[in-house]
Each structure stands twice: as C-alpha cells, then as structure tokens.
Amino acid sequence: MPSRIIAPALHATRFAAVILLCLVSCGCGLAYKNRLSRDGFVVYTNDGQGFLEKTGDQIETIYDSLAKVFEIPKPFPWTTRIFLDGQAEGVLDYSYNPDLLGYYVPFLQMIRIDSRAAASNLVSDLDQVLLHEIAHHFLVNELPGISGKCWLNEGLAGNLEVGVIEKDRAEFPLLNPVLLKIAQRKITENKSRPLLADLLQSDWTDFHNEETREMNYALSWSIVYHLLTREFPATLSLKGRINRIHFMDKTEISALESGWRKNIMGLDLVAELSRLARLAVPEKKMTSAWAIKELCKVRGADVRRSLETLVKLFEAPCPQTREEAYISFLRLLSSNPQAPFLEPEQTAKALTRLQAIIADSEASPLLRARLVANLERHRTLRNDWIPLLVDTLEDSRPIVRAAAASALSKMASKPTIVSPAFWTSAPTSKRNDEVSEWKRWLVDRSRR
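See below:
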C-alpha cells in the first residue's frame, strides 16, 4: 500500500491513542485505594498507608532537591500525578532499561512506576527510578524543546538518577557505574564507527529501538557526563552546565567524539569510586558514603582492587567513612565468595578487626548490629562466626541481641526465636533459656 495512504491512517491511529490515554489518565486515580497530595505532586497507590507516607516523603525530598538545582521557587507551578503500580511483581530486569520500570508522559504531567519491580531490581531501586522519572519532569519543564532531544533528556536523567538525596541536602556524583560499563563495552565494539552523530540525530522511535535501546541510554549518559565534568569550568553550577549543554549545537558536540571516547574508555570505575570515597570535605560526605557502597557492587577482575580499597578505608580518619567501609567490605565478601581467596592475609586481618568490634560492648550498638546483620550470608576461609553470635545473644544492647538472633537463623542449622520483640523485651529468664539451648547445641556440634 502506498505510504501516502498509510500516513493518514497512522496519524489518525496515533491521535486516537492519545485521546484514549488522556481519558484513561483522567479517571485512573479512582482505581487506587490510597492517595497522598503534597506541593507539586499527587501520589496514587494500592499499597498500604505506611508505604504511601514513606514514599511520599521521599518524593517530596526529591522535588525539593531538584527545585534547588533548577532554582524553582515554591509553591511549584505544576502538579504531577505519580502512579505507583505493582503489575510486574516478581519480575527482575537485569538490563538497564528504565522505561521498563517507569515512564513519564510530559503532556499529561504523569509518572507511572512499577514500584515492586523497581524495588527488586538488581541495578535500580525504587528511589533511583523515582529520581530518574522526576528528573525528566523537571527537565521537560525547565528546558524547552528537550523532549525532542532524546539523548540529552535521557543522558541528564541518567546522570541525575545517582543523586544522593536526604532532607535539606543533596549531592550529585553523576558517575553511573552501570551505564559506564555498558558505554565502555559499546565503544569498544564500535572502534571504527562514529557514534555521536547518529545518537544526537535519533528521534524517540530510533532511541527506544529494542535492539539499540540499552546502548543509547549508556552512550547518552556518557556524553552528558563528559560534557558536565570535562567541558565547563568546575565553578559553574550544575544548572549552568545543564543549560550550556542544552544550547550546544549538534555539530559542536559531534566534534568531541575523540575526546569523549578517550575520557570514557580511560575512566577506571574502581579508581574513580576510590577517589570519591576519600573525599574528606563536609560538602561531599554523602558522595563519599555513596562511593563506598558502590565499591561492594563490583564484579569480576575489579573485586580484588575493591577489596584492597575498602580495607585501606578501615584506617580513614572519619568515623563515618570507616563504618561504611566495614559494611561494604562484608557485602563484597557475601556477594563474591571467591574474594577471601584473592587476598587471604588482608581479608583475615580485616575480619579479625570486625570480630573485635562486634565483641566490644563499648562500641556503637548501631554499628555492631549493622555488622552482625551483614554476616548472614557471609563465607570466609576459616572464620566461624556462630560462637561469637551465640555470645552476642547475651549482649546488654537489645538491638545487638536481635541482630545476632536474625543472623544465627540464617547461618546455623538450629531453629531459633527470630522475633526482635523477644530479644529486645522478653523476660531475661526466657532469653537465658534460649541462650542455654544454643550453648548446648554448640557443645554437641563440637563433638561431631
């Protein structure tokens, strides 16, 4: 059939789809059990009130933080509707495809997020997906015409989504470890083919092509990251740099292909995370903590170097840095059973230090409880944590006792009382009975 016959039909179909979407959107809030309204947004969900309040607080924090970045006064000039669905419960998406977890519809000022899939995803969590989609909302409203620049819209969202946001404070590391690895792989696979020109020209359909979508997201993040971190003065605000990129000519950006490739391919993830982890200035303390947490997520050949970095951070002058390094070290061992064999002596010394902290009644109860909680799936060369955990059941701090019981329930074959309420408030005599059972079990185990 000639294209001139198909075109009107196609336009009519698209127009009908838009009308249908509008009608459905206008009434879809009625289908949700719970609703929460704050300045700038309304949230709808079928989850409980507790989840709604907690998520609403986080969304409000994201709105306030992005408002500071883009210098938007309150009250906000618009209201976004955010729908938290759970239609893909149990589905894990192991690739980087944010649109499978959520999407933003600009002309409806509407965000939909598959909250359960986002919360269970290996590379994204609900907060990150929320930040990604809300960033789109701010970008579309503050940068006219950005919807037609898919590479910039998605590239900026990919940089902003790794922001570390708390009440009254936000930091944006911009480094996206997942997208960096994908971008480096795609650049390596296309050594002789220019990539930026096609990326900058791609429309929505081309950008979201199923075969190239992952590459497009990663390359978009990488060129925007390059521009934000290499092409403008460090003294320029984040908003100022974003505005500069928005008004750059495509040919000007395409001409940066060689420098962009060199920068991204030369970016060593572990080395960069280590640099960020060591930032000692107060205005970067959240970035430092974020980088330490990211060090425990590395895989393959990076595990040994990450382990070495985390152990060195045990000696950091900042208590917060040391504590985050302790936790990340244990998580790295838990997710990489081979790690203790890579640096056996270093690992053994580090574990001995952590055992001493757990046994130290003068140490922070919260830190001791966090360390114990991260022993649940822990495997080492020779360390047997169970005797220490049994002793910890008699600790004077309720939070530590409860953490030890939880860890023992996952590490030992003996059934135990896991309820935190038992270990925090049950009569001492009843807790002593349970501890006595554990000690008898330990004796029997040693005889086998």
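Its first residue numbered 83, the sequence shown is counted upward by one per residue in the working numbering.
We put the beta carbon where it would ideally sit given N, CA and C, even for glycine.
In this text, all values refer to a predicted model and were calculated from it rather than measured experimentally.
Residues bridged to residue i (per DSSP)
i	result
Asp196	Asp167
Glu248	Arg251
Thr162	Phe123
Proximity test, Cβ basis, 9 Å: residue i and chain C
i	result
Val244	No chain C is part of this structure, which consists of one protein chain only.
Contact test: residue i Cβ vs the ligand ATP heavy atom, cutoff 8 Å
i	result
Leu424	The model depicted lacks the ligand ATP and carries no ligand whatsoever.
Reduced DSSP category for residue i - H, G, I as helix; E, B as strand; rest coil
i	result
Thr127	strand
Arg464	With a pLDDT of only 49 at Arg464, under 50, the local geometry of the prediction cannot be trusted, and the value read off the model is given with reservation. Residue state, collapsed to three classes: coil.
Gly184	strand
Ala494	coil
Asn605	Shown here, the chain extends from 83 to 530; a query on residue 605 therefore has no answer.
Arg117	strand
Val173	Any answer about Val173 is weak, because its pLDDT of 38 lies below 50 and its placement is not dependable; what the coordinates show is given next. If DSSP states are grouped into helix, strand and coil, Val173 belongs with coil.
Thr270	helix
Thr143	helix
Tyr348	Per the sequence presented here, residue 348 reads as Gly, with Tyr not at that position. If DSSP states are grouped into helix, strand and coil, Gly348 belongs with coil.
Thr317	coil
Asn258	coil
Residue j beta carbon less than 9 Å from that of residue i
i	j	result
Leu242	Ala217	yes
Pro255	Thr369	yes
Val151	Phe220	yes
Arg295	Leu309	no
Ala489	Ile499	no
Asp207	Ile247	no
Cys232	Asn128	no
Glu339	Phe289	no
Thr143	Lys263	no
Ser446	Glu397	no
Pro480	Leu524	no
Ile374	Leu355	yes
Glu224	Ile195	no
For residue j and residue i, believed in contact at Cβ under 8 Å, the rounded distance
i	j	result
Phe423	Leu392	The pair is not a contact, with the Cβ atoms about 16 Å apart (cut-off 8 Å).
Ala485	Val454	4 Å
Leu213	Ala265	Actually they are not in contact, since the Cβ atoms of Leu213 and Ala265 sit about 20 Å apart, beyond 8 Å.
Gly122	Tyr145	5 Å
Start-to-end residues for the alpha helix (DSSP H) that takes in residue i
i	result
Ile533	It is not possible to answer for residue 533, since the shown part of the chain is limited to 83 through 530.
Asn298	Arg295 to Arg312
Ala503	Pro502 to Ser507
Cys232	Cys232 to Leu242
Ala421	Ala421 to Leu424
Asp384	Asp384 to Leu395
His218	Leu208 to Glu224
Gln191	From DSSP, Gln191 is part of no alpha helix (DSSP H); its letter is neither H nor E.
Asn514	Thr510 to Arg529
N-terminal and C-terminal residue of the beta strand (DSSP E) that residue i is part of
i	result
Ala373	That residue, Ala373, is in no beta strand (DSSP E); its alpha helix (DSSP H) goes Lys367 to Leu377.
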